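Participant:
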Amino acid sequence: MSIPVSIVDFDRFLFAFTIASHILLVSMSIGLALMICFVEFLFARTKDRYYAALARRFVRPFVVSFGIGTASGIVMAVELVNLFPTFMTLVSKTGVISIFYVEIFAFFLETIFLVVYVYYASSFRGRYTRFLLSLPIVVGTLLSAVLIVMVNAWMNTPNGFDISTYIASNYTTVTGVQPWAPFLTTSTGYEVFHVLATVPLTGLMLIGGFLGYKYSKSKKPEEKTLFLKGFQVSVAASLAFVVLSIVSGILQIENLYLFQPLKFAAIELNMNPGTNQPEILFGWLNGTTVVDAIQIPGLQSVLAGGASLPGLSQYPQSDWPPLIIHDFFDTMVILGVLLGLFLLGFAGLWVIQRKPYDHRFFVYLFLVFTGITALVMELGWVVDELGRQPWVVYNVLPTSVAANTNTDLFYPGLVIIAAYIFLVPFTFWFMARVFRKRSLEEDLAGSGEGADVNY
Amino acid sequence: MSTINLIFEINFAIFSVFFVLFLTELMGGLLLLIAYDATKAKVLPYIVPIWEVTGTFAAFWVVTSDFAYPNLILPVALSFAGLIVVFLIFFVFRNASITFAELITKRRWVDERRLYQAYGLATLLIAVVVVVVLSTIVSGAGFTLSATPTFSLWGWVTSAGSLPYLIGIVFVALGLAPVFYDIAPLRRLSPIFTVVGVAIEAGALYLYSSSFLSVWFVIPALLTILASLLYQLPATAKIVSHKLVFALIGTVIVFSLSYLVYPTAFNGALPVDAVTTTGALVGAYYVLSVIGVVVVTLLMALYLFAVQHASAVRSAPAPAAASKP
């Protein structure tokens, strides 16, 4: 079959597009699972029925995000086999497949407790029962994320098999397999910490932005109370996660410096190695010279504690990742810092009783930062994945070798992309709609099952 | 004497559970498509929670297959690439339609009925793709095993057994649907569809290869027909339509059909033992499988307990205080 693009590039784009969409849904699922758990706990502690009403309202969008997220998760799992079969063959011949196996158990934990919590929890008594049933959903959801990040960490810093034999055999022979080693590579801890901080932050910010907006638009006192209580929980949780994101982000840079020096050099746009590196903001490389950049002399080395920092010139140019990741990285860091400062200021105003939620300017600014949080998360993922190119497994397996060259998947792949373009925005719109499926009076009275499904 | 390939057996057992769960969804989906109003009260309370579990079992099977047969990933991806992406499109369609059906509020040009029926259609389309792949793995129809293996959908269609194989499964699903969902008005149709479906399936297998029709086919075929016959008797109808009993027996029946793909798949072309994982990963596969069976069994037990408990609470009489005038 003749197609108008390189099939390898199409494989890469299709997977990138799918995962970019998927992580938005996942961040919502994690954010909603956390919010349900928080408000169930608060309800059990305080008996404040607004928290119970919030739990009822969060469950409906959670069912939606879980249903669509499951579909896109399975799409991704199957796409990995279909689009990058040589990569998945390597995965299946090493201990990395064990991570995928354990991932299924986390998925089961999440699924079964979700079903029990959503459809049957109202039949159980006990003050903390609903909270306790919601807790494994959070554990399962976060565990799923942790395990997938473990796979990503292995792709960045592979271990657990004889790499030189594999390369020498032209990517066919896998020997010296250590089945459990991939669970803990040199970068696993760093990556897991960073993702556990940033992905929930995105979900919590999206929920917070929605609740703040609904609060500012609402006229009924009872509805305002409901939205404000939810907004308060999401802002408090977001603040905690933004602090964790900053700390884990700094550690993540250390991870790159120690274990992926080429990626570090690319994101910092360091042409040459040295101990007196400037901090280079934006700009690009013209030959071997950095141009159109803001340079702060020595700052990068000061931040690195005077260590000798790597440079691109130490590596063959054919191994360099696309240097656009430098601009993506700078944008991500600047927006991330602004987000942290904004959240700190917003929460500070709240604490000193200045009621920022009553000022439309602040609420709309919060909405803007909601979008920025999602953008920062997506940029972080792009920097990580593009930064590893041209490798799918760093310094081991080139992406071009791993990809499927069967052109049969091109047109069905276009349908997948079209479906996602429609499905993801519609899903977010639908989640917002079902949040208010029942009247506030009904939700406060606690009638009906958790999700109140149609049948 | 051949030895047992435990890696294959574990993987096929997981497949059997997945396939039975999927078959129950297919039966429900067909009923929603054919007689929505008459069957929704029996079908939806089962489908609505379980579809999420089926998806999880599908992922479970895919991952254990990757684990068990690493050398098959490349040939499968090279030959079935287009079909797999089509499967994904239908899978997204299935999940989206049932998720939106569960919670839709405005009821204008699209309502829960249409969405649930869209789910039924999506499930049927997924079944078609799944059956195409499975029948190819059994028969090798449309498949050419070489250094760069290929699959031709036209080759599959023109293979004598293929379309009967697909039609037979749909008939069996239609025949067993009244049993599983206890749809009394369709009671009389159940054995007719089941017997015709099993007969078509037997014919399809014979057309693929006469060696497929052995005693190993007769036993599951008779058990399948027996289920629809026992449903005719009031004394046994409750037993065969009990969902857990049905699912357990169904899993055993599907598992007993493993002879179709073991010791060789693709109609004798691929010795399974030759492509099963070896070395240090075998131990990890066993350890994780044992842990997995324990975890999944406990979770499914919790799920069944929650279903029973909720059912008991709902059917319990209201407290005396609530009935005061």
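Chain order of the listed sequences is A and B.
Residue numbers for the first sequence follow numbering that gives the first Met the number 0, beginning at 0 and rising by one.
Residue numbers for the second sequence follow numbering that gives the first Met the number 0, beginning at 0 and rising by one.
Even glycine gets a Cβ: it sits at the ideal position worked out from N, Cα and C.
Being a predicted model, the structure only gives us computed values, none of them experimental.
#1: State buried or exposed for B/Trp153, treating a residue as buried only when at least 16 other CB atoms are found within 10 Å of its CB.
#2: Determine, using beta-carbon pairs with one atom in the segment 132-141 of chain B and one in the segment 36-44 of chain B, whether at least three such pairs fall under 8 angstroms.
#3: Whole beta strand (DSSP E) runs in the segment 129-195 of chain A with 3 or more residues, listed along the chain?
#4: Roughly how many angstroms lie between the CA atoms of B/Leu225 and A/Pro199, to the nearest whole one?
#5: Mind checking who B/Val171 pairs with in its DSSP beta bridge?
#6: DSSP on B/Thr157, reduced to helix/strand/coil?
#7: Can you tell me which of the three DSSP states B/Thr53 falls into?
#8: Can you find the residues in the same chain that come closer than 7 angstroms, C-beta to C-beta, to A/Leu342, ignoring five residues on each side of it along the sequence?
#9: What would DSSP say about B/Thr223, mapped onto helix, strand or coil?
#10: Between A/Thr369 and A/Leu203, what straight-line distance do the alpha-carbon atoms span, to the nearest angstrom?
#11: So, is the C-beta of A/Asn158 closer than 7 angstroms to a C-beta in chain B?
#12: Just tell me which of A/Val115, A/Asp10, A/Ser97 and A/Leu89 has its CA closest to the CA of B/Gln307.
#13: Can you grab the Cα-Cα spacing for the pair B/Val274 / A/Asn81, in whole Å?
#14: Checking 7 angstroms against the spacing of the C-beta atoms, do A/Met154 and A/Val392 come in under that value?
#15: Taking 7 angstroms as the limit between beta carbons, can you name the residues of its chain near B/Ala315, skipping five residues before and five after?
#16: If we ignore side chains and look at the alpha-carbon of each, how far apart do A/Leu338 and A/Ile371 end up?
#17: Specify the secondary structure class of A/Trp482 as computed by DSSP and reduced to three states.
#18: Please name the residue, chosen from B/Phe99, B/Phe265, B/Trp60 and B/Ile97, that lies closest to B/Tyr207 on a Cα-to-Cα basis.
#19: Whether or not the segment 138-147 of chain A and the segment 98-116 of chain A are in contact is what I'm after, with contact meaning three or more pairs of Cβ atoms, one per stretch, closer than 8 angstroms; do they touch?
#20: Helix, strand or coil, according to DSSP, for A/Leu322 in the structure here?
#21: What residues are listed by DSSP as bridge partners for A/Leu396?
#22: Reducing DSSP to helix, strand and coil, say where A/Val290 ends up.
#23: Anything in chain B within Cβ reach of A/Thr85, meaning under 7 angstroms, just list it in chain order.
#24: Please decide whether A/Arg56 counts as near chain B, where near means a Cβ-Cβ distance under 7 angstroms.
#25: Give me whichever residues DSSP pairs with A/Leu308 in a beta bridge.
#26: Rounding to the nearest angstrom, what Cα-Cα distance links B/Ala183 and B/Leu229 in this structure?
#27: Using a Cβ cut-off of 7 angstroms, pull out every chain B residue sitting near A/Lys436, in sequence order please.
#28: CA-CA distance, A/Gln313 and A/Asn269?
#29: Measuring from the CB of B/Gly27, is there a heavy atom of the ligand NAP at a distance below 6 angstroms?
#30: Identify the continuous alpha helix (DSSP H) that holds A/Asp10 and give its terminal residues.
#31: Going by other Cβ atoms of all chains shown within 10 Å of its Cβ, with 16 needed for buried, is A/Gln316 buried or exposed?
#32: With a CB to CB cut of under 7 angstroms and the five nearest residues on each side skipped, what residues in its chain are close to A/Leu311?
#33: Do the CB positions of A/Met258 and A/Ser186 come within less than 7 angstroms of each other?
#34: Alpha carbon to alpha carbon, how far is A/Arg126 from A/Ala43?
#35: By Cβ distance, which residues of its chain are closer than 7 angstroms to B/Ile252, with the 5 residues on each side in sequence left out?
#36: I'd like to check one pair, A/Ala51 with A/Val137: are the Cβ atoms closer than 7 angstroms?
Facilitator: The answer reads as follows:
#1: exposed
#2: no
#3: none
#4: 52 angstroms
#5: In the DSSP output, where bridge partners are listed per residue, B/Val171 has none listed.
#6: helix
#7: helix
#8: Ser237, Leu238 and Val241
#9: helix
#10: 9 angstroms
#11: no
#12: A/Val115
#13: 18 angstroms
#14: yes
#15: none
#16: 8 angstroms
#17: Residue 482 of chain A falls outside the range modelled here, since chain A spans only 0 to 454, and no answer is possible.
#18: B/Phe265
#19: yes
#20: coil
#21: A/Val392
#22: strand
#23: Leu73
#24: no
#25: A/Gly273
#26: 13 angstroms
#27: Leu102 and Thr104
#28: 10 angstroms
#29: As presented, the structure is devoid of all ligands, the ligand NAP included, so that no description of it is given.
#30: Ile6 to Thr45
#31: exposed
#32: Ala264, Ala265, Asn269, Met270 and Trp319
#33: Here residue 258 of chain A is Phe; the residue named in the question, Met, does not match the sequence. Yes, these two residues count as a Cβ contact at 7 angstroms.
#34: 6 angstroms
#35: Pro219, Leu222 and Thr223
#36: no
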